[in-house]
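Written below as C-alpha cells is the structure these notes are about.
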Ligand SMILES: [Zn+2]
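Numbering (my numbering), first residue to last: 132 to 358.
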C-alpha cells in the first residue's frame with residue numbers, strides 16, 4: 132500500500148521509494164465532483180464517495196504519477212496507480228526469480244494460494260542459482276542447504292515449501308480444502324524479500340566493498356613504490 136500521511140502532507144513514492152512532502156505536486160478531487168452540489172441527498176452520497184489524490188513525484192529522476200482513492204465513509208485507502216506497491220530488485224538477480232516475485236505480488240490479494248505456489252518456485256530458483264544446488268525437487272534442494280543457513284531460516288524455507296505445495300499439487304483428498312489467506316501469503320512474500328536481501332543484495336554489497344578496498348590498497352601500494 133502507498134504510504135501517505137494526509138495530516139503532514141507527506142507520502143512515499145511507490146516507484147522510487149523517496150519519502151517527500153507533496154506540497155503543490157498533487158491534485159485532489161471527489162468522485163461525485165460538481166454533481167454533488169445538484170443532488171438532493173448530497174450528504175448521504177458524499178459519505179459514500181471517494182476522494183481521489185493524484186501525486187507527481189518530486190524526484191526529477193522519477194517524476195512518476197501515483198493515484199490513491201480514499202473513502203469518505205471509513206477512510207479506507209485503495210491504491211489505483213500503481214495497484215500494488217512492491218520492491219524492484221536489481222538486474223543481477225535472475226529475471227525468472229524477479230518475475231515470479233513480482234507476479235506473486237500482483238495476485239496475492241485475489242489468489243493467495245497461487246501466490247504461495249509462485250513464491251515456492253521463486254525459492255526453488257534462488258536455491259538453484261545462489262547455492263548452485265541442482266537437485267530435481269525442492270525438498271531435496273532444501274535438504275542440501277540445511278547446514279548452510281541458520282536453523283530458523285531453514286525451518287522457514289521448509290515451511291514455504293510445504294505451504295507452496297498446497298497450491299502446486301492437488302490434494303489427495305478432494306474434500307479436504309486447506310486455504311492460505313492473504314495475511315499468510317504476505318508473510319511468505321516477506322520471507323522471499325528477506326532472502327533476496329540477505330543472499331543476493333548482501334553478497335553484491337560485500338563484493339563491491341571488497342573490490343573497492345582492494346583497488347585503494349593497490350593504489351596506495353603503487354604510490355609508496357614511486358615515492
Ligand atoms: Zn518517485
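Think of the CB as a built atom: it goes at the ideal place given N, C-alpha and C, for glycine as much as any other residue.
Just so you know, these numbers come straight off a predicted model, no measurement behind them.
Ends of the alpha helix (DSSP H) at residue i?
i           : result
residue 261 : 243-261
residue 236 : 226-238
residue 354 : 333-357
residue 270 : 269-275
residue 204 : Premise fails: residue 204 is in no alpha helix (DSSP H) and is neither H nor E.
residue 323 : 313-326
For residue i versus residue j, is the C-beta distance shorter than 8 Å?
i           : j           : result
residue 319 : residue 250 : yes
residue 182 : residue 201 : yes
residue 184 : residue 159 : yes
residue 279 : residue 208 : no
residue 236 : residue 257 : no
residue 134 : residue 152 : no
residue 293 : residue 239 : no
residue 323 : residue 223 : no
residue 199 : residue 210 : yes
residue 243 : residue 312 : yes
residue 190 : residue 230 : no
residue 166 : residue 177 : no
residue 247 : residue 297 : yes
Indicate, with yes or no, if ligand 1 has a heavy atom lying under 7 Å from the CB of residue i.
i           : result
residue 207 : no
residue 157 : no
residue 195 : yes
residue 147 : yes
residue 188 : yes
residue 82  : Summary: the structure shown does not reach residue 82, with the chain confined to residues 132 through 358, and so no result is reported for it.
Among the options, which residue has its Cα nearest to the Cα of residue i?
i           : options               : result
residue 295 : 282, 284, 205 and 315 : 315
residue 288 : 252, 313 and 176      : 252
residue 156 : 259, 187 and 345      : 187
residue 272 : 143, 145, 169 and 254 : 254
residue 245 : 309, 226 and 190      : 309
residue 138 : 166, 349, 340 and 206 : 206
residue 194 : 145, 355, 226 and 162 : 145
residue 275 : 259, 290 and 283      : 259
residue 179 : 297, 331, 161 and 352 : 161
When DSSP builds the beta bridges, which residues end up paired with residue i?
i           : result
residue 187 : 196
residue 142 : 135 and 151
residue 182 : 161 and 201
Kindly indicate the opening and closing residues of the beta strand (DSSP E) around residue i.
i           : result
residue 209 : 208-212
residue 160 : 157-161
Give a single yes or no on whether residue i has its beta carbon closer than 7 Å to a heavy atom of ligand 2.
i           : result
residue 253 : In the structure on display, ligand 2 does not appear, and the ligands it does have are ligand 1.
Beta-carbon of residue i versus every beta-carbon of chain C: anything under 8 Å?
i           : result
residue 336 : No chain C appears in this structure, which consists of one protein chain only.
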